[in-house]
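Colleague:
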Amino acid sequence: MMAGQVGQTPLGTRLAVVEDDAELREQIMLPALRRAGFDAVGLESALQFYRMWAGSPFDLVLLDVGLPDDDGVEIARHLRGLSPSLGIVMCTGHGRSADRMRGLRAGIDAYLVKPLEMEEVVETLRNVQGRQQGRDAPDAPGQGSWALDRHGWSLSAPSGATVTLNQAERQIMGILAARANQPVSRETLIAHLTSDVDGFDPHRLEMLVYRLRRKCMDASGEALPLKAVRGVGYLFER
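Just so it is clear: in the sequence shown, position 84 is 84 by the working numbering, and no numbers are missing.
1) Note the first and the last residue of the continuous beta strand (DSSP E) segment covering residue 92.
2) Look at the alpha carbon of residue 77 and the alpha carbon of residue 45, and state the distance between them as a whole number of angstroms.
3) With distance defined between alpha-carbon atoms, name the residue in 197, 181 and 167 nearest to residue 212.
4) Write down the C-beta distance between residue 30 and residue 18 rounded to the nearest angstrom, noting that I regard them as a contact closer than 8 angstroms.
5) For residue 102 and residue 170, what's the separation of their Cα atoms in angstroms?
6) Could you check whether residue 65 and residue 91 sit closer than 9 angstroms to each other, using their CB atoms as the reference points?
7) Based on the DSSP secondary-structure assignment, which residues constitute the bridge partners of residue 39?
8) Report the rounded CA-to-CA distance for residue 184 versus residue 108, giving the unit in angstroms.
9) What's the call for residue 59, buried or exposed, on a 16-neighbour Cβ count within 10 Å?
10) Smallest Cα separation from residue 226: which of 27, 127 and 181?
11) Please tell me whether residue 124 and residue 106 are closer than 9 angstroms, where the distance is taken between their beta carbons.
12) For residue 193 versus residue 173, is the C-beta spacing smaller than 9 angstroms?
13) For residue 233, which residues from the same chain have a beta carbon less than 8 angstroms from its beta carbon, with the 5 sequence-adjacent residues on both sides left out?
14) Give every residue of the same chain whose Cβ lies closer than 6 angstroms to the Cβ of residue 152, excluding the five residues on either side of it in the sequence, and list them in chain order.
15) Here's the rule I'm using: 16 or more other beta-carbon atoms within 10 Å means buried, otherwise exposed. How should residue 140 be labelled?
16) Taking the C-alpha atoms as reference points, what is the distance between residue 217 and residue 147?
17) Taking the alpha-carbon of residue 305 as reference, which of 204, 127, 205 and 163 has the nearest alpha-carbon?
18) Can you grab the Cα-Cα spacing for the pair residue 32 / residue 118, in whole Å?
19) In terms of DSSP beta bridges, what is residue 111 paired with?
20) My output table needs one value for residue 156: the three-state DSSP class, helix, strand or coil.
21) Just the C-alpha distance for residue 163 and residue 196, rounded to the nearest angstrom, thanks.
22) Using the C-alpha atoms, what's the distance from residue 99 back to residue 115?
23) Apart from the five residues just before and just after residue 13, which ones in its own chain have a Cβ nearer than 8 angstroms to its Cβ?
24) Rounded C-beta distance between residue 20 and residue 68? I'm assuming under 8 angstroms.
25) Rounded to a whole number of angstroms, what is the C-alpha to C-alpha distance between residue 81 and residue 104?
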């Protein structure tokens with residue numbers, strides 16, 4: 001990220017605007033976002049986005065839920081698995097609570113309902129980025145807390161020992177670290193592990209958490225502060 005700001009937007013903030021409505025994207029969203037200081041790139045489909053992402057990942061994604069070639073919620077779920085630190089804001093024409101919950105379970109950071117007010121979009125993106133930067137900031141020496149690396153593939157113990165994660169461990173630690181010190185429901189964690197939430201055996205999640213705790217203890221000699229919250233799910237203490 002480059003130093004300096006335009007308004008409250010750090011210069012060099014790469015933003016993908018994934019929206020298939022060309023007039024909305026090109027005439028309204030991109031001009032407003034660029035004026036606000038974002039390095040905004042407009043993309044009309046999931047395929048275009050993934051091709052761009054492969055060459056140069058983004059800091060933020062503004063994602064329409066109803067793309068012609070993929071479901072925005074499933075894209076968000078996939079992106080959260082790839083990058084726990086990515087800021088994801090979803091736009092939709094539906095304000096139903098069930099749709100919102102589906103997006104939140106996929107790991108989005110914020111949910112906006114069309115028609116969009118661009119001032120609200122800008123402030124939402126800035127707020128999400130501010131939270132993401134706070135999550136990415138390294139702990140001060142001697143602070144004594146566990147930390148998930150930026151790409152989500154390893155945990156660092158307070159002693160400095162590193163614990164490499166497998167895909168499933170990375171998925172659940174990504175959402176737990178993103179919501180550090182807040183309980184995350186079992187349903188939300190399971191939704192990050194599988195698309196068949198109803199058919200998933202909850203005991204598999206319990207076993208995954210047990211093995212991860214044991215793995216961290218064996219590798220570092222220190223207990224991972226991953227706590228069970230009775231009747232809810234789990235909490236990662238920072």
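Don't be surprised by glycine CBs; every beta carbon is placed ideally from N, CA and C.
Modeller: Checking against the coordinates, here is how it stands:
1) 87-92
2) 16 angstroms
3) 167
4) In fact, because the Cβ distance is near 12 angstroms, the residues do not count as touching under 8 angstroms.
5) 20 angstroms
6) yes
7) 14
8) 14 angstroms
9) buried
10) 181
11) no
12) no
13) 183, 184, 185, 186, 187, 188 and 189
14) 84, 170 and 174
15) Model confidence at residue 140 stands at a pLDDT of 45, short of 50, so the residue's coordinates are unreliable; what they give is reported in the following sentence. Exposed, by the Cβ-count rule.
16) 15 angstroms
17) The chain is shown only over 1 to 238; residue 305 falls outside these bounds and no answer can be derived.
18) 7 angstroms
19) 90
20) strand
21) 29 angstroms
22) 16 angstroms
23) 1, 37, 38, 39, 59, 60 and 129
24) 5 angstroms
25) 14 angstroms
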